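Just below is one structure, and these are the notes that go with it.
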Amino acid sequence: MTISMREAFERGTDAFNAHDMERFAEVVADDVVVVAPGMRCAGKPAFVEFYGGWLQAFHDAHIEVHHVHFLDDIAVEEGTFSGTHDGVLPTPNGEIPPTGRSVSVPYIHVLRYRNGLHVSFNLAFDRLLMLEQLGLIPAPAPAR
């Protein structure tokens with residue numbers, strides 16, 4: 003049975019927040035493509051590795067969806083990712099060891115669907131803000 007795009011979106015969001023990658027993968031196509039700052043990967047195993055890496059790096063990872071807009075086969079999601087960085091975070095430039103710091107970073111996700119399954123994730127977020135919150139780069143000086 004094919005589920006609706008909205009139901010696939012809600013199941014994916016709930017599974018991510020429950021840290022259940024197996025359940026998240028149930029609403030993802032085998033040929034899914036993920037594009038995020040500095041990287042691109044394809045296939046369900048790569049999808050699980052990418053999003054699972056965030057869950058391993060932030061034991062209390064949580065996304066709060068502020069708005070989601072559906073049109074044809076596309077959903078555009080505006081939200082905030084938050085969590086405590088207490089695990090290794092894999093990145094395209096290498097691993098970031100745990101900092102113990104908390105982050106709260108806005109993001110935009112453009113999602114595409116086919117037959118009730120996610121077929122692409124295009125993620126944009128403020129990497130500079132995240133690096134500042136992790137203490138890896140200095141925060142900007144206050145304006146004078």
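If you want this note's numbering, it's the position in the sequence shown, counting the first as 1, plus 2. Even glycine gets a Cβ: it sits at the ideal position worked out from N, Cα and C. Here the structure is a predicted model, which means the values were calculated and not measured.
Examine the Cβ distances between the region 12–25 and the region 125–133 and report whether three or more of them are shorter than 8 Å. These segments do not touch.
Tell me whether Gly96 is buried or exposed, calling it buried when 16 or more other Cβ atoms sit within 10 Å of its Cβ. For this step, residue 96 is matched to residue 94 along the sequence shown. Gly96 is classed as exposed because its beta carbon has fewer than 16 other beta carbons within 10 Å across all chains shown.
Quick one: what does DSSP say Asn95 is sitting in, helix, strand or coil? For this step, residue 95 is matched to residue 93 along the sequence shown. Coil, per DSSP.
Ile5 versus His21, Asn117, Ala31 and Val121, residue with shortest Cα-Cα distance: Along the sequence shown, read from residue 1 onward, the residue named residue 5 stands at position 3. The option with the nearest alpha carbon to Ile5 is Asn117.
Based on the DSSP secondary-structure assignment, which residues constitute the bridge partners of Val37? As a working mapping, residue 37 is identified with position 35 in the sequence shown. Bridge partners of Val37: Arg42 and Asn124.
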